[in-house]
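K.L.:
I'd like to ask some things about the structure below.
Protein chains in written order, with the working numbering: chain R, 1 to 378; chain E, 1001 to 1378; chain A, 2001 to 2378.
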């Protein structure tokens, strides 16, 4: 950073304090939890829910959550409402069921319900403001809490996060349950990306490039450019490193889509990119501490997620089902299970924070355990 | 219970003894095992097999088993014969393979084989008394023993029962293996519940109501009213609470079917209800001790089982396969994995008895462990 | 063995040494590892790769591997080249990723990559020497290393081998990903074995019998008789018992195919037999020590593998996908999980050697542990 040669020394303290209070708004905002401890239920619930919004995109920051929620309402007020309903329902159900307090506080019970509601709305073919849809949206969100708890007691054995498995399961069951011609809850059928007839029109490079930021928005089932950029800005507030990985992963996913000659709409809408973005974010910095080896693994993860997504979209698309984020979730889970070389960079689930924090805390923690080892040896 | 005001005191002992011996015929009939210990192999095998019959419907009582077997022969002698063949084959294979004695005695190796045979018969399109069918029925029943043992060593880690997973796997493999046009073992194709054309005739309320008890019979692939009521009576002998939950779950499943506008035949035949019944019974009183919270969870379980069943029936029905009891088995397994709030009501697998016994033994056992804890503290 | 009555005593030592050095070329050739320890990287890699070739067919002997590689080049030089590329890629990726040294030395990271490449070539419809295919072949092989490591940390809990799960997953994903009409990587669609129209021509017994040794070759996706016999010869060099089980399993699989009236081409080409062969080999002598009970279980395993293969081929064939060796892998995994009676014959994964060695080492090991137990008792 270039500083004035005649910088006043007295100003440095003020500036440090200003930077400090700005820093407190980024990352995981852990101090907020202490501050909220003795507040009333409604504001606490709001913070849990906003944290839940960011969990969708592998972040954890209520301010980012507020930005993302604004982006969703901007893209479509009806979708925003559906998402909010799902978010609050699943968080409240978790509170009522007496789930682990730390999990509820961290927003871990909100994001699956939110995604279930958002996808129900995105594939609904009865048009916006079809109020009956709130019924399955709330029931599906509540169900995702049961799936989350049940799966976590299995996956805990391998210290692997439940992630969006519950959302993926519940939404596939919902689409299967309502079937193609349901009179009450009709929905669009998903089209496989490699479906015939093959592409005949020329590829528009500008639209493909636009698909890269749209891929970040598609994580929230949002296909407009403005809101997608706002979501990206919210992610940047949490962690610039995560935002870079999101864009990188989306670009990798688009490349993978090009190499498999998927339908052009998939590339233009960002649907080819969002699994790559999720796969890249999970490995690069979040569950592994950042280094050049992890960075390579993150790119590999993005490619693998994107190819697996094309494969699963073709498989599920044959039944008219969307592949959602199955690909990224399965790929990230697989890579988190890797023993040997890479596991040295693995961060235990309980210690996962924003990538920038992970880097610092890791070095401190390793230094600590090294010191400990030394003291035990002597 | 209203008693005569001039009741003779001497009579009370006799009546108590009579009630006691009646009580000994209900529940798990554990005293019978002691009585049978030094008997010959044939009567012992009969008891194991009759226990196996009731395991299908989550009960464990040889007398109930006899009633249910009579119901099956009443509905269709050929189906009764097939079921008996599968039951005896799988129990004998388990004995020969040297499986755990307590499991064989409890009938745990009989019910999967019986269900495999019954379903093979129910979907067979070569007509009754097609003797060749005994070949796959016996082989499939024997295979289910291998699946049961293999799966139990995986699921034991989470103290989750194997339940009817082996049956569901073996029967799906059989239907896939024989395919749609097999010359030796032809079978009907299952029709998905949400298949087009949509319902055009008016719904008959009387037939829908009749579908509720039929749902209990459909657990044994039996679609006649009389035998279904006899099966329900057998279940009531084991545990009235289980019988109530079975009817409640079947009604819930029928409601779920109505809400998803499934084909009317599914509602009338009880096919919409039986997964709900199984899901409701497993949670309400059997694997969780009965309380109002468990009761709510049982109703939730019935709804979830029924919706998942519609989803899976649509999925597997696209290949012409029936969804059997996949839905209830998966749902109950998921709910048994729930940590946190509900797990306090969870009964360890080794202690599971009839719901009425569970209630009593739980309070005694908790009192015991509380006393123990106190004595350790002091 | 008949010996001359006037045998020279001095000759016996020479002969013993000659037999000894011949014996050193059979089985697992463990002494070779010691000899290679201080050699350069290239010859070491060659040994690891050749061990990897034999791992495909559940053997572990570099000489057998060389024979099998010759057979592959004999059957089709292009397929041989593809297989070699996959083999070397995945072994090198494992070395670079710093995987467990013993696993790399034993060839455990080569065989999945090799199978992925071979199957890509076998189903490729762009003709031989389509050089672009090397790109997905190498990428797919590299991916299989990630799958292998990730799965091993899950399956290790039950002491179950990862086997060819990675190959089966990667190849299914590849076929799904490229879809039916991919412009860059077109591939043939698999035809389900029970597909209509039913068989009309008479069955040729000679061709069915020829299908039995072809079933052994089909493990390497090789459908010519000469190379298949050479592969069998290589297997015989490793362990005659394995070779017998391979033929027996292939015959059982052909029988199972006949009983289900599969298409005649499946029987003639050996496709009906290869899953049976794999299932029979895994149980008979390799993961269980050889005895008459294990032998019966091996035959049951062959039947089960073959029937499950028909089922899965019908299921996956509806999407145009081949069932590869899913059936044998799942069946063998299930049987390895069996507790109770059979587990006494189970050999811990770390001690698995050639069946002949297993027999000897087992008796020695049991004697050892018995002695140990005695010494602890006293």
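All C-beta atoms in this analysis are idealised placements derived from N, C-alpha and C, irrespective of residue type, glycine included.
Any beta-carbon of chain R closer than 9 Å to the one on residue 2188 of chain A?
P.N.:
No, residue 2188 of chain A does not count as interfacial toward chain R.
K.L.:
DSSP three-state call for residue 1314 of chain E: helix, strand or coil?
P.N.:
Of the three classes helix, strand and coil, the one that applies to residue 1314 of chain E here is helix, per DSSP.
K.L.:
For residue 33 of chain R, I'd like the list of residues in its chain whose CB is within less than 7 Å of its CB, leaving aside the five on either flank, ordered along the chain.
P.N.:
The residues are 105.
K.L.:
Taking the alpha carbon of residue 2262 of chain A as the reference point, which residue from A/2277, A/2312 and A/2194 has its own alpha carbon closest?
P.N.:
Residue A/2194 is the option with its Cα nearest to residue 2262 of chain A.
K.L.:
So which residues of chain A does residue 1182 of chain E contact, with C-beta pairs closer than 8 Å?
P.N.:
Correct list: 2194, 2260 and 2261.
K.L.:
Quick check on this structure: which residue in R/78, R/72 and R/134 has the alpha carbon closest to the alpha carbon of residue 89 of chain R?
P.N.:
Comparing Cα positions, the closest option is R/134.
K.L.:
If you run the structure through DSSP and keep just helix, strand and coil, what is residue 1346 of chain E?
P.N.:
Three-state DSSP puts residue 1346 of chain E in a strand.
K.L.:
Going along chain A, which residues have a C-beta under 7 Å from residue 318 of chain R?
P.N.:
Here the neighbours are 2319.
K.L.:
Do you know whose CA, among E/1025, E/1251 and E/1266, lies nearest residue 1213 of chain E's CA?
P.N.:
Closest option to residue 1213 of chain E, Cα to Cα, is E/1251.
K.L.:
The alpha helix (DSSP H) spanning residue 1106 of chain E covers which residue range?
P.N.:
No alpha helix (DSSP H) holds residue 1106 of chain E; DSSP gives it neither H nor E.
K.L.:
Is it a yes or a no for the segment 95-115 of chain R touching the segment 162-174 of chain R, going by three-plus beta-carbon pairs under 8 Å?
P.N.:
As far as the Cβ criterion goes, the segment 95-115 of chain R touches the segment 162-174 of chain R, which means the pair count is three or higher.
K.L.:
For a quick check, are the C-beta atoms of residue 224 of chain R and residue 285 of chain R less than 9 Å apart?
P.N.:
No.
K.L.:
Using a threshold of 9 Å, state whether the C-beta atoms of residue 1279 of chain E and residue 1332 of chain E are closer than that.
P.N.:
Closer than 9 Å, so yes.
K.L.:
Inspect the beta-carbon positions of residue 145 of chain R and residue 166 of chain R and report whether they are closer than 9 Å.
P.N.:
In contact: residue 145 of chain R and residue 166 of chain R (Cβ atoms closer than 9 Å).
K.L.:
In chain order, what residues of the same chain lie with their CB nearer than 8 Å to the CB of residue 295 of chain R, ignoring the 5 residues before and after it?
P.N.:
Result list for residue 295 of chain R: 284, in chain order.
K.L.:
Can you look up residue 182 of chain R in the DSSP assignment and give me helix, strand or coil?
P.N.:
Coil.
K.L.:
State buried or exposed for residue 1004 of chain E, treating a residue as buried only when at least 16 other CB atoms are found within 10 Å of its CB.
P.N.:
Below a pLDDT of 50, predicted positions are generally treated as unreliable, and residue 1004 of chain E, at 47, falls in that range; no measurement from the model is reported.
K.L.:
With distances taken Cα to Cα, identify the nearest neighbour of residue 1299 of chain E among E/1334, E/1209 and E/1276.
P.N.:
If we check each option's Cα against that of residue 1299 of chain E, E/1276 comes out closest.
K.L.:
Taking beta-carbon pairs under 9 Å, can you tell me which members of the segment 1208-1242 of chain E lie near chain R?
P.N.:
Per Cβ criterion, the list is empty.
K.L.:
Check residue 2307 of chain A in the structure and name its three-state DSSP category.
P.N.:
Residue 2307 of chain A falls in the helix class under three-state DSSP.
K.L.:
Roughly how many angstroms separate the alpha carbons of residue 2378 of chain A and residue 99 of chain R, rounded to a whole number?
P.N.:
Residue placement at residue 2378 of chain A is poorly supported in this model, since its pLDDT is 35, which falls under 50; the coordinates still yield a value, given next. About 52 Å.
K.L.:
Going residue by residue through the segment 1116-1184 of chain E, where are the continuous alpha helix (DSSP H) segments of at least 4 residues, counting only ones entirely within it?
P.N.:
Listed in chain order, the complete alpha helix (DSSP H) runs (minimum 4 residues) inside the segment 1116-1184 of chain E are 1134-1155 and 1165-1178.
K.L.:
Taking the alpha-carbon of residue 2246 of chain A as reference, which of A/2111, A/2204, A/2227 and A/2302 has the nearest alpha-carbon?
P.N.:
Checked all of A/2111, A/2204, A/2227 and A/2302; the closest Cα to residue 2246 of chain A is A/2302.
K.L.:
I'd like to know if the segment 147-162 of chain R and the segment 121-128 of chain R are in contact, where contact means that at least 3 CB-CB pairs between them fall below 8 Å.
P.N.:
No, the segment 147-162 of chain R does not touch the segment 121-128 of chain R.
K.L.:
Are there 16 or more other CB atoms within 10 angstroms of the CB of residue 2132 of chain A, so buried, or fewer, so exposed?
P.N.:
By the 10 Å Cβ count, residue 2132 of chain A comes out exposed.
K.L.:
Looking at the unbroken alpha helix (DSSP H) that takes in residue 1281 of chain E, where does it start and where does it end?
P.N.:
That run of the alpha helix (DSSP H) goes 1274-1281.
K.L.:
Cβ of residue 1092 of chain E less than 9 Å from any chain A Cβ?
P.N.:
Judged by the 9 Å Cβ criterion, residue 1092 of chain E is not in contact with chain A.
K.L.:
Taking the CB atoms as reference points, tell me whether residue 1183 of chain E and residue 1314 of chain E lie closer together than 9 Å.
P.N.:
No.
K.L.:
Touching or not, the segment 54-68 of chain R and the segment 216-231 of chain R, by the rule of three or more beta carbon pairs under 8 Å?
P.N.:
Yes: the two stretches touch, three or more of their Cβ pairs being nearer than 8 Å.
K.L.:
In or out: residue 1289 of chain E buried (at least 16 other Cβ within 10 Å) or exposed?
P.N.:
The residue is buried, with at least 16 neighbouring Cβ atoms inside 10 Å.
K.L.:
Quick check: what's the CA-CA separation for residue 1328 of chain E versus residue 1051 of chain E?
P.N.:
The straight-line gap from Cα to Cα measures roughly 21 Å.
K.L.:
Of all Cβ atoms in chain R, is any one closer than 9 Å to the Cβ of residue 1304 of chain E?
P.N.:
It does; some Cβ of chain R falls within 9 Å.
K.L.:
Contact criterion: CB-CB distance below 9 Å. Does residue 2033 of chain A meet it with respect to chain R?
P.N.:
Output row for residue 2033 of chain A: interface = no.
K.L.:
So residue 2233 of chain A and residue 2058 of chain A are supposed to be a Cβ contact under 8 Å. How far apart are they, rounded?
P.N.:
About 16 Å; that fails the 8 Å criterion.
K.L.:
Hey, how far is the Cα of residue 1041 of chain E from the Cα of residue 1062 of chain E?
P.N.:
Rounded to whole angstroms, residue 1041 of chain E to residue 1062 of chain E spans 16 Å at the Cα level.
K.L.:
Considering only the beta carbon of each residue, do residue 1287 of chain E and residue 1253 of chain E sit closer than 9 Å?
P.N.:
Not a contact, by the Cβ cut-off of 9 Å.
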